[in-house]
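**Student:** In the UniProt record's numbering, the protein residues as written are 1 to 1030. The beta-carbon is built from N, C-alpha and C at its ideal position, and this holds for glycine as well. One structure follows; several queries about it will come next.
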């Protein structure tokens, strides 16, 4: 077996560049490494040549020169690559606003830790074909070239063509029928279905633009009666309304707008004279401006209605003008597709760069082969990776783990596809997309694949083609074909020991397509085939029968709906119960029930009715643990919402803390006066939306603290005036880099990226919009809370809603912004990376990591949801507030499952859990690092900032204790002397508020302990509220 490598050049000004060098090692000369070994000898080691492992003739002059001129002779090699550091890497901006070194002490220090070992299978089985990739990017999030790649290739003796004729047997696929019960969490007894229709309007507060339009939702209600009366009302998908009473009731659904003008009408269920009306009422509290008394915010959360209703439907405010010609083209997307496209979704690899990025649907991944050298296929490759195939980085715990890509178990192709093949995509939705392959530009697609998150089968729809099912792992055998109900089934055994069920379903059920095994790489179906072919990896004894029962139907789109079940306070934290549902549109044999895979956080929160749909079928995902198969067309999950969380400090046990000890108030008031005396305009009008937003949010928290917690309305009033003036710069679009409305991808973006796509952390290419804009939305919520008249300014209201629609839109039919750009309702968290490839190139000369989306900061993700919640609360939009609450509840669950790893974590590999945070989580890999450095305070701290009321919800106390003990206890935190010190010590307040308070209250406190988005005022209030002052 031959293993090829490249030379990597580290250039201090441009990042990383891979220079292809065809260097070859013979693994049989080195010896096959075990699973615990690593490739640790550098190509630059001249002893390799003298030992005959590498012939000097095989090396280019560049290689030989490189081997003699390593800038750091002690540098450990990167995946057997030569490393040249041409000049020191200049400092890269830290997320805290200061400057920090790029990846450790220098770039080479980090590169030196990136040793990749090959995967070796036990029992002498042939290793699978594939590649392992790791990618570096700059702090500005723009793309740079990846780490060098280790490529494993295999060959196999060809199997002579064999004609496999259909065999009718008693075994095979039965016509299995399944009935899904329509139930609610509280439903019991006999069901009676009643139809209701309702028109809902989600309108802004009085005096603001009425840009929102009404939307009509079809409601299906189930009346269930046992010892009490329960009415379960479902809107759009599964919005549930529960009414408990021992009396007969009459229920009218009404979703009132905050101004009390919007109403819902529908059929009234009249049972007796008693009646109950549910409405989304406006705030009833009055404002005291910046007086010492806090303004009262009433609970605006709706009950019994679907919370996913439009925020608004109007275009961007006139201050934010349109701009054509986005620097990232819409490759493979037809010009007549005008609907906004999700830029931060799992399918971005279909339209970025050379279109060979991987699409992770979980548990499967799909990638366009595009003439891959090993089998020269032009089809769509399907892969599933087991945990045993994962490669780990150095150290204990391992610095990273990588799921190999390019292990093409099966490939959907056709004889008509070749070098002129084009890939297009359409139907870009939040949970799904269609990938199409045509023989040439302008031709009708021969093959269409609906790619849906969680799909149980990988489905290909053929139109008058000659299907090929190819394999880069090689076929070992096909089972005899069984035919039943028009479905031909065979099971393919691959040479890596895996088995895959293959279902061939022609449109004409009377036809009987032939299935021919041409050789070890190719299965061919009869020419002129129109119909579907589905594949699924067998997993356990029960999986074959489960697949049989669902074969022939497939999901083409998904949807989410949500409902507030109750507004009754369950605890001091003000928790209320909500349900949200994921449902799918299906095609094919729609009489059958879908098989879909749920992630661990879904399974934890399933309602009792949905639990019954779980099946004994489990498949590993790449970075989200083990997926569980559910035979159901929809799922419903239950969460507890932090409805009582507001602007003040919050804890899981005490709820919101609005009264601080008298001993703390005086110091907090004086500190607020000092910090509000700073030049707010100078600190906020910067050349990036990210740092500007952080600074605005910092001053907003100070103003709030002074007014509500420190009883200092005069101090707050003066600061509020300056804050409003600074914020108005952005509303009027007079900041250094103005916003524009991008007419290509459709969204509000920084104008800076039209000259430098990496400017403003890549915001023009939709990087980090929830991070950037969340700070502005929070600031607006504070201003509107303290000055309700500010909300009545149409420009202010419309501009803030524009930001929310850009990153957290609630409508799937919005003509100007995609639905939920950042938050992924399947994964339960947001994706930060936008329209950036993780590299460039194709094939062995310049392979790259195809981890299209990633998330680096869970805390800023949660803060964006918190900002949406608070803006909804202040502006009177109860549906928006409810969505923010629901997102926070889901994030708290998903973070603890996948990102913030306690010792009991079951989803991440055991040898990475002690890292405590995953670092950067991609869909195909996890790397315990950041985009701006590798110090522990960076990696852990980026998942802490900004410390805010939601921190206590999303960062569980036990996790914080374990993390602190791992990195910062025993005075180790004292070695951190910059802005990260304040972040760490504020985070400590979650478990040790007294030590945190003493640190910030110390007379010798140093301002350099504060980063650009933090204040001593808020940190003091945060620690005091959590119990830091006796």
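#1: Would you call the CB atoms of residue 831 and residue 855 closer than 8 Å?
#2: Taking the CB atoms as reference points, tell me whether residue 800 and residue 745 lie closer together than 8 Å.
#3: Per the contact definition of three or more C-beta pairs closer than 8 Å, is the region 597-613 in contact with the region 493-501?
#4: Just the Cα atoms here: how many angstroms apart are residue 1024 and residue 994?
#5: Would you call residue 458 buried or exposed, if buried means 16 or more other Cβ atoms sit within 10 Å of its Cβ?
#6: Around the Cβ of residue 465, are there at least 16 other Cβ atoms within 10 angstroms (buried) or fewer (exposed)?
#7: So, for residue 630: in the same chain, excluding its five sequence neighbours on each side, which residues have a beta-carbon less than 6 Å away from its beta-carbon?
#8: So, with DSSP's three-state summary, where would you put residue 422?
#9: With a threshold of 8 Å, are at least 3 pairs of Cβ atoms found where one atom belongs to the region 468-480 and the other to the region 396-405?
#10: Determine, using beta carbons only, whether residue 946 and residue 1013 come nearer to each other than 8 Å.
#11: With 16 other CB atoms within 10 Å as the buried threshold, where does residue 611 fall?
#12: What number of angstroms, rounded off, separates the C-alpha of residue 1017 from the C-alpha of residue 700?
#13: Tell me which residues share the same chain as residue 864 and place their Cβ nearer than 6 Å to its Cβ, disregarding the 5 neighbours each side in the sequence.
#14: Are the region 499-519 and the region 531-540 touching, with three or more C-beta to C-beta distances below 8 Å?
#15: Can you tell which of 991, 968, 990 and 992 has the C-alpha that lies nearest to the C-alpha of residue 981?
#16: Using a 10 Å radius around the Cβ and a threshold of 16 neighbouring Cβ atoms, would you call residue 318 buried or exposed?
#17: Assuming residue 412 is part of the beta strand (DSSP E), what are its boundary residues?
#18: What are the boundary residues of the beta strand (DSSP E) that residue 739 is part of?
#19: Taking just the CA atoms, how far does residue 989 sit from residue 130?
#20: How far does the alpha helix (DSSP H) with residue 998 in it extend, from its first residue to its last?
#21: Can you give the Cα-Cα distance for residue 331 and residue 355, rounded to whole angstroms?
#22: Which word fits residue 602, buried or exposed, when buried means at least 16 other C-beta atoms lie within 10 angstroms of its C-beta?
#23: Using DSSP's beta-bridge definition, name the partner residues of residue 306.
#24: Would the beta-carbon of residue 669 fall within 8 Å of that of residue 715?
#25: Where residue 767 and residue 803 are concerned, what is the direct C-alpha to C-alpha distance, given to the nearest angstrom?
#26: Could you spell out the range, first to last residue, of the beta strand (DSSP E) harbouring residue 757?
#27: Assign residue 876 to one of three DSSP states: helix, strand, or coil.
#28: Thinking just about the alpha-carbon of each residue, which of 1011, 1019, 901 and 984 is nearest to the one in residue 1001?
#29: What residues match up with residue 637 in a beta bridge as DSSP calls it?
#30: Could you tell me whether the region 744-760 touches the region 320-339, where touching means 3 or more Cβ pairs closer than 8 Å?
#31: CB residue 867 to CB residue 888, shorter than 8 Å?
#32: Excluding the 5 residues preceding and the 5 following residue 1028 in the sequence, name in chain order all residues of the same chain whose CB lies nearer than 7 Å to its CB.
#33: If you draw a straight line from the C-alpha of residue 1030 to the C-alpha of residue 556, how long is it?
#34: Would you be able to state if there are at least three C-beta pairs under 8 Å between the region 680-689 and the region 726-745?
#35: Does the beta-carbon of residue 507 have 16 or more other beta-carbons within 10 angstroms, so that it is buried, or is it exposed?
**Tutor:** Quick look at the numbers:
#1: Residue mapping note: residue 831 aligns to position 831 of the chain shown, counting from 1. Residue mapping note: residue 855 aligns to position 855 of the chain shown, counting from 1. Contact: yes.
#2: Working through the chain shown from its first residue, we reach residue 800 at position 800. Working through the chain shown from its first residue, we reach residue 745 at position 745. It is not a contact, given that the beta carbons lie outside the stated cut-off.
#3: no
#4: For the purposes of this step, residue 1024 is taken as residue 1024 along the chain shown, with counting starting at 1. For the purposes of this step, residue 994 is taken as residue 994 along the chain shown, with counting starting at 1. One C-alpha to the other measures close to 8 Å.
#5: Residue mapping note: residue 458 aligns to position 458 of the chain shown, counting from 1. Buried is the call here.
#6: On the chain shown, position 465 is the one that residue 465 refers to. It is buried - the Cβ of residue 465 has at least 16 other Cβ atoms within 10 Å.
#7: In the chain shown, the residue the question calls residue 630 occupies position 630. Answer for residue 630: 596, 598, 613 and 614, listed in chain order.
#8: Counted from its first residue, the chain shown places residue 422 at position 422. If DSSP states are grouped into helix, strand and coil, residue 422 belongs with the strands.
#9: no
#10: Locating residue 946 in the chain shown gives position 946, counting from the first residue. Locating residue 1013 in the chain shown gives position 1013, counting from the first residue. Against a cut-off of 8 Å, the Cβ pair of residue 1013 and residue 946 comes out as a contact.
#11: Working through the chain shown from its first residue, we reach residue 611 at position 611. Exposed, because fewer than 16 other Cβ atoms sit within 10 Å of the Cβ of residue 611.
#12: The residue labelled residue 1017 in the question sits at position 1017 within the chain shown. The residue labelled residue 700 in the question sits at position 700 within the chain shown. So the two alpha carbons sit approximately 11 Å from each other.
#13: Indexing the chain shown from 1 puts residue 864 at position 864. Excluding residues within five positions, the ones whose Cβ falls inside 6 Å are 770 and 774.
#14: yes
#15: As a first step, residue 981 is located in the chain shown; it is residue number 981 there, counting from the start. Checking every option, the nearest Cα to that of residue 981 belongs to 968.
#16: The sequence position of residue 318 within the chain shown is 318, counting from 1. Counting Cβ neighbours within 10 Å, residue 318 comes out exposed, since fewer than 16 surround it.
#17: For this step, residue 412 is matched to residue 412 along the chain shown. Looking at the DSSP string, the run of the beta strand (DSSP E) that includes residue 412 is 410-414.
#18: The residue given as residue 739 occupies position 739 in the chain shown. 739-742 is the span of the beta strand (DSSP E), which, as asked, contains residue 739.
#19: Position 130 of the chain shown, counting from 1, holds the residue named residue 130. Position 989 of the chain shown, counting from 1, holds the residue named residue 989. Its pLDDT being 41, under 50, residue 130 is placed unreliably by the model, and the measurement read from it follows with that caveat. Each residue's Cα considered, the two are about 46 Å apart.
#20: On the chain shown, position 998 is the one that residue 998 refers to. It spans 993-1001 - the alpha helix (DSSP H) in which residue 998 sits, taken as one unbroken run.
#21: The residue labelled residue 331 in the question sits at position 331 within the chain shown. The residue labelled residue 355 in the question sits at position 355 within the chain shown. Each residue's Cα considered, the two are about 8 Å apart.
#22: Counting from 1 along the chain shown, the entry for residue 602 is found at position 602. Looking at its Cβ environment, which holds 16 or more other Cβ atoms inside 10 Å, residue 602 is buried.
#23: Working through the chain shown from its first residue, we reach residue 306 at position 306. DSSP lists 563 as partners of residue 306.
#24: Indexing the chain shown from 1 puts residue 669 at position 669. Indexing the chain shown from 1 puts residue 715 at position 715. It is a contact, given that the beta carbons lie within the stated cut-off.
#25: To locate residue 767, count along the chain shown from 1; it is residue 767. To locate residue 803, count along the chain shown from 1; it is residue 803. The alpha-carbon atoms of residue 767 and residue 803 are separated by roughly 14 Å.
#26: Start at 1 with the first residue of the chain shown, and residue 757 comes out as number 757. No beta strand (DSSP E) holds residue 757; DSSP gives it neither H nor E.
#27: On the chain shown, residue 876 is found 876 positions in, with the first residue counted as 1. Residue 876 falls in the coil class under three-state DSSP.
#28: Taking the chain shown and counting its residues from 1, one reaches residue 1001 at position 1001. Among 1011, 1019, 901 and 984, the Cα nearest to that of residue 1001 is on 1019.
#29: For the purposes of this step, residue 637 is identified with residue 637 of the chain shown, where counting begins at 1. Beta-bridge pairing links residue 637 to 580 and 606.
#30: yes
#31: If you number the chain shown from 1, residue 867 lands on position 867. If you number the chain shown from 1, residue 888 lands on position 888. No, these two residues do not count as a Cβ contact at 8 Å.
#32: As a first step, residue 1028 must be located in the chain shown, where it is residue number 1028. Around residue 1028: 989, 993, 994, 996 and 997.
#33: The residue you call residue 1030 lines up with position 1030 of the chain shown. The residue you call residue 556 lines up with position 556 of the chain shown. So the two alpha carbons sit approximately 58 Å from each other.
#34: yes
#35: Here the question's residue 507 lines up with position 507 in the chain shown. Result: exposed.
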